[in-house]
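As structure tokens, the structure follows; a few thoughts come after it.
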Amino acid sequence: MAQNAMGRLFQWQRTSRLATFSQVRNASSAIPVFSPTASTELNQALDYWRQDLFIPFGLPRRQRTSMFKEKHAHRLQDEPITVKIRENEEYTLRPLDFASLPKSKDIIDVLRLMEAANDYQNLVPFMSGLWNSQMRVTPARWQYLIRKVASTGRLSIIVECARQGHRTGLSLENQDITTRLFYELHRMAQDAEYKGHQVTEALKSAKNAVEVMDSYPAIPATNPKYQSYVIGTLLELSAARAADKFEGKDQGNEVLNYTKKLLARWNVEDFKAIPKNAFDAEVVDQRLIKAIPIFKGLELCGSIDSVSADKELRIVVSQRLNELRGALSKQLERIPKDSFDKVPHAKAAKALIARG
Numbered sequence: 203m204a205q206n207a208m209g210r211l212f213q214w215q216r217t218s219r220l221a222t223f224s225q226v227r228n229a230s231s232a233i234p235v236f237s238p239t240a241s242t243e244l245n246q247a248l249d250y251w252r253q254d255l256f257i258p259f260g261l262p263r264r265q266r267t268s269m270f271k272e273k274h275a276h277r278l279q280d281e282p283i284t285v286k287i288r289e290n291e292e293y294t295l296r297p298l299d300f301a302s303l304p305k306s307k308d309i310i311d312v313l314r315l316m317e318a319a320n321d322y323q324n325l326v327p328f329m330s331g332l333w334n335s336q337m338r339v340t341p342a343r344w345q346y347l348i349r350k351v352a353s354t355g356r357l358s359i360i361v362e363c364a365r366q367g368h369r370t371g372l373s374l375e376n377q378d379i380t381t382r383l384f385y386e387l388h389r390m391a392q393d394a395e396y397k398g399h400q401v402t403e404a405l406k407s408a409k410n411a412v413e414v415m416d417s418y419p420a421i422p423a424t425n426p427k428y429q430s431y432v433i434g435t436l437l438e439l440s441a442a443r444a445a446d447k448f449e450g451k452d453q454g455n456e457v458l459n460y461t462k463k464l465l466a467r468w469n470v471e472d473f474k475a476i477p478k479n480a481f482d483a484e485v486v487d488q489r490l491i492k493a494i495p496i497f498k499g500l501e502l503c504g505s506i507d508s509v510s511a512d513k514e515l516r517i518v519v520s521q522r523l524n525e526l527r528g529a530l531s532k533q534l535e536r537i538p539k540d541s542f543d544k545v546p547h548a549k550a551a552k553a554l555i556a557r558g
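Residues are numbered in the working numbering as their position in the sequence shown, beginning at 1, plus a constant of 202.
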């Protein structure tokens, strides 16, 4: 009996070790590597998640299973097995308990520690580790992250997360996420007073986001690239860049093309005011953050040579701008007075249309 038990143990150890080296290439590709930051607390948090969750879930199934099965605990303690997970890194298998692993509610704590622009170079690998570990990030948390990253001017990192959506789980097919992303791109340019490199960077990120959407099914109802708020933001950013960088000249008719695309998608009913008896602060706010970049895009494109030179087009642009101003005015009027502060972007919309 003892000989049989020892034989099985030897066979288990031998098989595990063989699996280690034959599958190390596949394991290492699923295990994220983090760059050191200036924050000791952030470095420690990332290492904790990597050691206790990302590495175990990045290992071949046999090795991962052995760490979580109680019957293998004594074997791992008595005969530690070290596996090679990268060229210069090894990892010792140890007994693990699912109950002691990092929890999804703790994700936010790591994201809050990311403050400096360079901290966000670890965002893609962190999100990839979560996705590979079957820990899903909610749309609400992605929106929080977009707002947070926007404050550092690094929204290109979010677009990169979307480009690697198969690894990070971020899909721009989610309209709420994409609405927030494009509104923050609008704000990035607005905060720079529509001048300088921030406008160029915002436009570049917006275009890259649309390239990601090109890989989604070409269905207008579900693919945001066909939505007026995406086209309107592209119009706003391209017109701002043309005015700032090219003295109002439309390079490659980019502004003209976005203007025509927006007008082709135009439907004033999209901005129809929600009555007071059906008031919902969140729904109203979502409408406003979609409409504000469109309004600004229509306002800016009129001064660009390709649009201003076309009299008929200029008239239509002016008509649509007035329609949108009227729709926004009605919507603001229908927000109950005691609920105005519950609509975060109501003040921005009010200030925008007041300038007209």
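Note that beta-carbon positions come from the ideal geometry of N, C-alpha and C, so glycine has one too.
By DSSP, does residue i sit in helix, in strand, or in coil?
i	result
Phe223	In this prediction, Phe223 scores a pLDDT of 35, lower than 50, which makes its location untrustworthy; the coordinate-derived value is nonetheless stated afterwards. Three-state DSSP puts Phe223 in a helix.
Pro426	helix
Lys286	strand
Glu395	coil
Glu375	coil
Thr370	helix
Val545	coil
Gln521	helix
Leu261	coil
Gly338	Note on identity: in this sequence residue 338 is Arg, with Gly being the wrong assignment. Looking at Arg338 - three-state DSSP - the assignment turns out to be coil, as it is neither helix nor strand.
Ile433	helix
Trp468	coil
Thr402	helix
Thr239	coil
For residue i, which residues of its own chain have a beta-carbon under 6 Å away from its beta-carbon, when the five flanking residues on both sides are left out?
i	result
Thr222	Confidence in Thr222 is poor, its pLDDT being 37 and thus under 50, which makes the residue's placement too unreliable to answer from.
Ser373	Gly367
Ile506	Ala441, Ala444, Gly450, Asp452 and Val457
Asn455	Ser508
Tyr293	Ile257, Val285 and Ile287
What does a CB cutoff of less than 7 Å around residue i pick up in its chain, not counting 5 residues either side in sequence?
i	result
Val518	Leu465
Lys509	This sequence places Val at residue 509; Lys is not what is there. These residues qualify, in order along the chain: Val457, Leu458, Thr461, Cys503, Leu515, Arg516 and Val519.
Please classify residue i: is it buried, with 16 or more other beta-carbons within 10 angstroms of its beta-carbon, or exposed?
i	result
Asp540	exposed
His388	buried
Asp482	exposed
Leu325	buried
Gln533	buried
Pro304	buried
Glu501	buried
Pro327	buried
Pro422	exposed
Ile379	buried
Do residue j and residue i come within 8 Å of each other at the CB atom, strictly closer than that value?
i	j	result
Leu278	Arg296	yes
Ser335	Phe270	no
Val486	Val545	yes
Leu605	Ala247	The chain is shown only over 203 to 558; residue 605 falls outside these bounds and no answer can be derived.
Phe497	Leu554	yes
Glu375	Asn425	yes
Phe256	Ile287	no
Val401	Asp446	yes
Arg181	Ala319	Lying outside 203 to 558, the shown extent of the chain, residue 181 is not represented and no answer is given.
Could you please give the first and the last residue of the uninterrupted beta strand (DSSP E) stretch that includes residue i?
i	result
Tyr293	Glu291 to Thr294
Looking at the unbroken alpha helix (DSSP H) that takes in residue i, where does it start and where does it end?
i	result
Arg356	Neither: Arg356 is in no alpha helix (DSSP H) and is coded neither H nor E.
Ile491	Ala483 to Cys503
Which residues in the same chain as residue i place their Cβ atom closer than 8 Å to its Cβ, once the five residues preceding and following it in sequence are excluded?
i	result
Asn245	Phe236, Pro238 and Thr239
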